[in-house]
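Residue numbers (our numbering): 1131 to 1327.
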């Protein structure tokens, strides 16, 4: 079982080296954000934002605002420093499932973090409820499911579960959203759902 405190401590330890160790593929990130409907003028909730790795991508897409949240105080601290460069970007530290937001969002993006949440069904339900009508929720990874699970196999800590097959995640989405994209191949993993009116 995932221990939320252990997750926060685990990522606090990784935060200082996170950006230096990060591997990113701009083409894959572009595809993920296209599928997530991150377009000019949108209000984005970036869940488990880490050090703000997607901030430049949101800015390049001329979003209206970004509200970012991370469970790890040290990750959020680094993200907060980066956010100062962008108008309309706010960073919170805390558990997204326990945080009250004062608005709904056009897009909610959960990038490279889904296996670190203890209750995927509850998470999807809570996030779907924070979407504007016709808003989009995406869970995505910039590598294949198999690579993510191999990567996590080396972690000796109660901070993750295996990334579920995309069709199983799609089934969770279907309970509260209309699924608009499911991708699970050698390069990436993504499920996108649109809020029903």
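Beta carbons: idealized from backbone N, C-alpha and C, even for Gly.
Mapping DSSP to helix, strand and coil, what is residue 1167?
As a first step, residue 1167 must be located in the chain shown, where it is residue number 37. It is coil, neither helix nor strand.
Use the C-beta contact count for residue 1325: other C-beta atoms within 10 angstroms, 16 or more gives buried, fewer gives exposed.
Position 195 of the chain shown, counting from 1, holds the residue named residue 1325. So residue 1325 ends up on the buried side.
Residues near residue 1152 in its chain [Cβ-Cβ closer than 7 Å; skip 5 each side]:
As a first step, residue 1152 must be located in the chain shown, where it is residue number 22. Same-chain partners within the cutoff: 1183.
Residue 1145: buried (16+ other C-beta within 10 angstroms of its C-beta) or exposed?
For the purposes of this step, residue 1145 is taken as the residue at position 15 of the chain shown. Buried, since its Cβ has 16 or more Cβ neighbours within 10 Å.
Where residue 1304 falls, given that 16 or more other Cβ within 10 Å makes a residue buried:
The count along the chain shown starts at 1 and reaches residue 1304 at position 174. Residue 1304 is exposed by the Cβ-count criterion.
Runs of 3 residues minimum, wholly inside the segment 1178-1261: which ones carry the beta strand (DSSP E) assignment?
Qualifying beta strand (DSSP E) stretches, in chain order: 1195-1200, 1219-1223, 1235-1241.
Could you please give me the residues that DSSP links to residue 1326 through a beta bridge?
Taking the chain shown and counting its residues from 1, one reaches residue 1326 at position 196. Residue 1326 pairs with nothing; no bridge assigned.
Given residue 1148 as reference, the closest of 1179, 1169, 1158 once Cα atoms are compared
Indexing the chain shown from 1 puts residue 1148 at position 18. Taking only the C-alpha atoms, the option nearest residue 1148 is 1179.
Label residue 1172 either buried or exposed according to how many other C-beta atoms from any shown protein chain fall within 10 Å of its C-beta, with 16 as the threshold for buried.
As a first step, residue 1172 must be located in the chain shown, where it is residue number 42. That one is buried.
Kindly identify the DSSP beta-bridge partner or partners of residue 1313.
Residue 1313 sits at position 183 when you count from the first residue of the chain shown. Residue 1313 is bridged to 1320.
Residue interval of the alpha helix (DSSP H) (run including residue 1293):
Counting from 1 along the chain shown, the entry for residue 1293 is found at position 163. First-last for residue 1293: undefined, no H or E at that position.
Mind the definition here: the segment 1153-1166 touches the segment 1208-1223 only if three or more C-beta pairs lie below 8 Å; say whether that holds.
Contact between the segment 1153-1166 and the segment 1208-1223 is absent: fewer than three C-beta pairs spanning the two stretches fall below 8 Å.
Can you tell me which of 1167, 1295, 1239 puts its alpha carbon nearest to the alpha carbon of residue 1177?
Looking up residue 1177 in the chain shown gives position 47. Out of 1167, 1295, 1239, 1239 has the C-alpha closest to the C-alpha of residue 1177.
Closest to residue 1133 by C-alpha separation, out of 1186, 1288, 1190, would be which residue?
The residue labelled residue 1133 in the question sits at position 3 within the chain shown. With distances taken between Cα atoms, residue 1133 lies closest to 1288.
Residue 1257 to residue 1246, Cα distance in whole Å?
The residue you call residue 1257 lines up with position 127 of the chain shown. The residue you call residue 1246 lines up with position 116 of the chain shown. Whole-angstrom Cα-Cα distance: 15 Å.
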